[in-house]
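Colleague: Residue numbers (my numbering), protein chains in the order written: chain C, 261 to 716; chain E, 43 to 340.
The structure is given below, and queries will be raised subsequently.
Here it is, written out as structure tokens:
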């Protein structure tokens with residue numbers, strides 16, 4: 261069926277060149293550099309919410325009073341502005357901007373209710389696309405051009421790796437939601453979350469309690485996979501359960517094949533544990549469902565990012581008590597505490613830019629906001645780079661209401677202050693607790709080292 | 043090395059993905075033959091159509107079949123509009139310029155999609171076709187009706203397009219234009235109308251492919267936009283001439299991509315499949331041509 265025999269060779273050559281140009285541009289497409297300010301107005305920085313599909317604030321108690329977030333209910337802060345900065349990854353397949361957007365929402369609430377000792381708190385957020393030079397430039401811009409007084413709200417694939425030496429050199433103490441190894445193993449960065457390694461530890465630790473014959477641990481093929489994999493490897497090794505480590509390029513383009521491979525590797529009595537962002541985890545789990553694979557293994561697990569009602573709702577009842585997700589923070593559906601109600605109310609009133617709604621990312625942003633405000637309130641005298649960083653560094657045993665244990669920055673060479681977690685499972689479109697607060701095993705050598713340093 | 047039974051499920055997923063790549067590739071080849079434009083916006087148009095369908099179903103409560111129709115019509119109209127607005131201005135330019143111009147449309151659509159449907163860490167979207175729930179077993183492999191439709195649709199489309207080009211007036215006109223646009227015009231063929239048909243048809247196919255890939259792969263703007271690369275590789279293997287070769291090349295790309303998934307040593311390199319097969323085919327074809335030319339010289 262050759263249709264067009266008179267094709268000129270010249271024409272074909274040009275088209276082949278065009279196709280190659282397109283392929284190269286396609287490769288460049290995912291690394292475009294766009295920066296967005298954190299914004300200081302109510303509701304965040306103007307990011308759109310039209311695509312959000314979650315229960316953004318929807319389950320917040322209508323009666324919860326957001327004025328409890330500040331010292332003077334209903335009185336807008338009019339003092340000078342305390343600027344803080346954040347650097348977050350935002351690229352196709354990986355977007356952590358819900359974290360600073362929620363932190364800004366918390367600050368907006370505080371600003372509307374008396375502020376911090378009368379001052380307005382403003383978060384200046386920059387995004388990056390996993391480019392080291394760009395990440396380093398972001399840090400310098402925030403400190404040297406924007407003149408932020410402190411750093412809170414960072415969440416980035418590479419930021420800690422690139423900038424930790426800069427933070428140490430400038431005496432900056434960063435409150436973050438970390439990912440890279442340096443977020444947990446350096447002296448100037450402390451996190452509200454466990455990060456992918458310890459969260460994956462938690463997911464694997466729960467899976468091991470169900471006595472699987474094998475663990476298949478699959479994660480995004482991004483920098484740091486070896487570091488993350490070391491934790492689950494240690495836990496499975498200590499339990500004498502074989503473990504297969506897999507990585508997938510993201511965005512995933514063949515979810516059916518990925519799901520099939522995982523199930524085949526795990527076997528009928530095995531467990532599949534995922535470490536992906538919710539969109540990637542969802543395509544794998546939905547592919548598994550379409551292929552009828554959800555019951556072909558003993559259980560499925562996932563690290564913290566999967567802890568969203570959106571995922572529970574999108575997956576449906578076939579995954580009830582079949583899919584177990586590590587929860588680094590208190591599960592929002594299972595708690596009616598004042599802190600949780602305040603979080604939901606702030607999300608509803610001020611969180612229009614938080615596209616993921618209720619979930620771990622927005623909880624991390626809220627918790628970072630709590631800690632930052634708590635630290636800033638302790639400052640006596642003028643707000644300077646030194647006073648703000650000292651306040652961040654000195655936070656000790658602060659009860660956030662969101663974590664299993666009080667949060668401490670601490671003068672330690674490494675920081676894993678959140679090392680006790682929940683496990684949740686979907687049930688009728690919500691995530692419910694499957695296992696209460698449980699310490700991550702010290703079989704992971706990093707956990708053991710931190711507990712030794714912190715005197716735990 | 044996995045056993046044959048381990049490979050069987052991957053064959054099913056590979057065939058269905060290959061079928062969608064095939065219909066994408068056929069759409070691109072037909073448009074290229076009629077207008078000289080390699081439409082690199084094929085994936086982005088389909089992605090936006092699928093996202094509009096998702097929006098209508100999940101936010102407006104629109105009937106899903108109506109939403110799917112809107113997706114396909116949107117893709118047809120936006121592609122036709124591009125062809126009508128920019129086609130005449132680019133008609134006399136080099137194919138390289140024409141192809142790069144469609145990248146402009148790709149980037150505009152990607153920007154709009156990123157603005158309207160943000161891909162934040164907590165949110166995700168998906169489209170489930172009604173045919174997903176119709177499943178049957180082939181041995182131990184569960185196959186959905188969507189898998190079957192993807193492959194069969196690609197095959198049927200290839201056959202129909204082949205017959206259309208060979209046996210209809212419009213198809214003959216398209217073939218004539220592929221040879222020489224100016225002479226065809228002087229013979230009284232309504233060139234603009236023929237081109238419009240090719241643009242609209244290509245757009246319709248991008249909408250169908252967008253829906254199928256949103257279901258089979260993921261409803262993500264970037265993923266769907268750049269899945270066009272697999273179809274592009276198939277068209278290159280067919281040297282942008284034969285829709286039959288495009289079909290088989292697309293199926294082979296889909297199957298090989300899926301079948302190497304369970305092989306541990308190769309699995310992380312499977313995204314290279316379209317490039318590797320395209321480069322190998324082009325090298326092989328050019329070598330054959332050199333031999334033929336050499337023999338003629340002797």
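Idealized CB from N, CA, C, for every residue including glycine.
Computed from a predicted structure; not experimentally measured.
#1: State the DSSP-derived secondary structure class of residue 467 of chain C, mapped to helix, strand or coil.
#2: List the residues of chain C whose Cβ lies closer than 8 Å to the Cβ of residue 309 of chain E, in chain order.
#3: Count the other CB atoms, across all protein chains shown, that sit within 10 Å of the CB of residue 683 of chain C; report buried if there are 16 or more and exposed otherwise.
#4: DSSP beta-bridge partners for residue 477 of chain C?
#5: With a threshold of 8 Å on Cβ separation, who are the neighbours of residue 417 of chain C within its own chain once the five nearest residues in sequence on each side are excluded?
#6: Can you tell me whether DSSP reads residue 374 of chain C as helix, strand or coil?
#7: Please report the distance separating the alpha-carbon of residue 223 of chain E from that of residue 229 of chain E.
#8: Within 10 Å of its beta-carbon, does residue 404 of chain C have 16 or more other beta-carbons around it, so buried, or fewer, so exposed?
#9: Quick one, are the C-beta atoms of residue 89 of chain E and residue 263 of chain E less than 8 Å apart?
#10: Per DSSP, which residues does residue 584 of chain C bridge with? Please list them.
#11: What residues match up with residue 350 of chain C in a beta bridge as DSSP calls it?
#12: Counting only beta-carbon separations shorter than 8 Å, does residue 258 of chain E have a partner in chain C?
#13: In chain order, what residues of the same chain lie with their CB nearer than 8 Å to the CB of residue 648 of chain C, ignoring the 5 residues before and after it?
#14: When you compare each of C/560, C/542, C/454 to residue 527 of chain C by their alpha carbons, which one comes out closest?
#15: Strictly under 8 Å for the Cβ-Cβ distance: is residue 321 of chain C near chain E by that measure?
#16: Just verifying my parser: in three-state terms, what is the DSSP assignment at residue 296 of chain E?
#17: Are the beta-carbon atoms of residue 301 of chain E and residue 49 of chain E separated by less than 8 Å?
#18: From the DSSP output, read off the bridge partner residues of residue 691 of chain C.
#19: For residue 381 of chain C and residue 611 of chain C, what's the separation of their Cα atoms in angstroms?
#20: Let me confirm a value: residue 478 of chain C is counted as buried when at least 16 other C-beta atoms fall within 10 Å, else exposed. Which label applies?
#21: What residues from chain E crowd round residue 552 of chain C, counting only those whose CB sits closer than 8 Å?
#22: Under the three-state reduction of DSSP, which class applies to residue 697 of chain C: helix, strand or coil?
#23: I'd like to know if residue 481 of chain C contacts chain E, where contact means its C-beta is closer than 8 Å to some C-beta of that chain.
#24: Does any residue of chain C have a CB that is nearer than 8 Å to the CB of residue 81 of chain E?
#25: So who's on the other strand from residue 388 of chain C, going by DSSP bridges?
#26: Checking the sheet assignment: what are the DSSP bridge partners for residue 667 of chain C?
#27: Mapping DSSP to helix, strand and coil, what is residue 704 of chain C?
#28: Looking at the C-beta of residue 226 of chain E, does it have a partner C-beta in chain C at a distance below 8 Å?
#29: Could you work out which residues of chain C lie near residue 102 of chain E, taking near to mean beta carbons separated by less than 8 Å?
#30: Quick one: residues in its chain with C-beta nearer than 6 Å to the C-beta of residue 271 of chain C, no 5 flanking neighbours on either side, listed in chain order?
#31: So what's residue 486 of chain C in DSSP terms, helix, strand or just coil?
#32: Residues of chain E with CB under 8 Å from residue 514 of chain C, in chain order?
#33: What does DSSP give as the partner residues of residue 450 of chain C in its beta bridges?
#34: Alpha carbon to alpha carbon, what distance is there between residue 357 of chain C and residue 388 of chain C?
#35: Taking the alpha carbon of residue 375 of chain C as the reference point, which residue from C/630, C/675, C/695 has its own alpha carbon closest?
#36: Can you pull out the residues from the segment 520-546 of chain C whose beta carbon lies closer than 7 Å to at least one beta carbon of chain E?
Modeller: On the basis of the supplied data:
#1: helix
#2: 506, 521
#3: buried
#4: C/505, C/533
#5: 349, 354, 390, 439, 440, 482, 483, 484
#6: coil
#7: 10 Å
#8: exposed
#9: yes
#10: C/561
#11: C/355
#12: yes
#13: 342, 344, 409, 410, 635, 636, 639
#14: C/560
#15: Caution applies to residue 321 of chain C, whose pLDDT of 44 falls short of 50 and renders its modelled position unreliable; the model cannot decide the point.
#16: helix
#17: yes
#18: C/686
#19: 16 Å
#20: buried
#21: 177, 184
#22: strand
#23: yes
#24: no
#25: C/349
#26: C/658
#27: coil
#28: no
#29: Ordered by position in chain C, no residue passes the 8 Å Cβ test against residue 102 of chain E, which lies about 12 Å from the chain.
#30: In this predicted model, residue 271 of chain C has a pLDDT of only 48, less than 50, meaning its place in the structure is not dependable enough to derive any value.
#31: helix
#32: 55, 59, 259, 299, 300, 303, 312
#33: C/435
#34: 10 Å
#35: C/630
#36: 520, 521, 524, 537, 538, 539, 542, 543, 546
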